[in-house]
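Trainee: Quick note, the sequence shown lines up with residues 75 to 135 if you use our numbering.
We put the beta carbon where it would ideally sit given N, CA and C, even for glycine.
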Amino acid sequence: MAVPARHTSKAKKNKRRTHYKLTAPSVQFDETTGDYSRSHRVSLKGYYKGRKIAKANEAKY
Numbered sequence: 075m076a077v078p079a080r081h082t083s084k085a086k087k088n089k090r091r092t093h094y095k096l097t098a099p100s101v102q103f104d105e106t107t108g109d110y111s112r113s114h115r116v117s118l119k120g121y122y123k124g125r126k127i128a129k130a131n132e133a134k135y
């Protein structure tokens, strides 16, 4: 069974964990709809690169 030969110190552990961090998603302003959307994805209104390619999902009550 694998067991560490030596105790890992807090400093060593924390230095290793400095790379585990969250990054904010890249968001671009869509001039066609006036909304913000993630890059390389269809906006909520169905636009991609300024062209309408999908029908927008609208809530029906």
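Spatial neighbours of Gln-102 within its chain, please: CB distance less than 6 Å, with the 5 preceding and 5 following residues excluded, ordered by chain position.
Mentor: Counting from 1 along the sequence shown, the entry for residue 102 is found at position 28. Correct list, in chain order: Ser-113.
Trainee: Exposed or buried, which one is Ser-117 when buried takes at least 16 other CB atoms within 10 Å?
Mentor: Counting from 1 along the sequence shown, the entry for residue 117 is found at position 43. Buried: at least 16 other Cβ atoms inside 10 Å.
Trainee: Alpha carbon to alpha carbon, how far is Arg-80 from Lys-87? Give it in angstroms, no decimals.
Mentor: In the sequence shown, residue 87 corresponds to position 13, counting from 1. In the sequence shown, residue 80 corresponds to position 6, counting from 1. Rounded to the nearest angstrom, the two C-alpha atoms are 13 Å apart.
Trainee: Just how far apart, CA to CA, sit Arg-125 and Thr-97?
Mentor: In the sequence shown, counting from the first residue as 1, residue 125 sits at position 51. In the sequence shown, counting from the first residue as 1, residue 97 sits at position 23. Roughly 29 Å between the two C-alpha positions.
Trainee: If you follow the alpha helix (DSSP H) that Arg-90 is in, where does it begin and where does it stop?
Mentor: Translated into positions along the sequence shown, residue 90 becomes position 16. In the DSSP assignment, Arg-90 falls within the alpha helix (DSSP H) that extends over 84 to 90.
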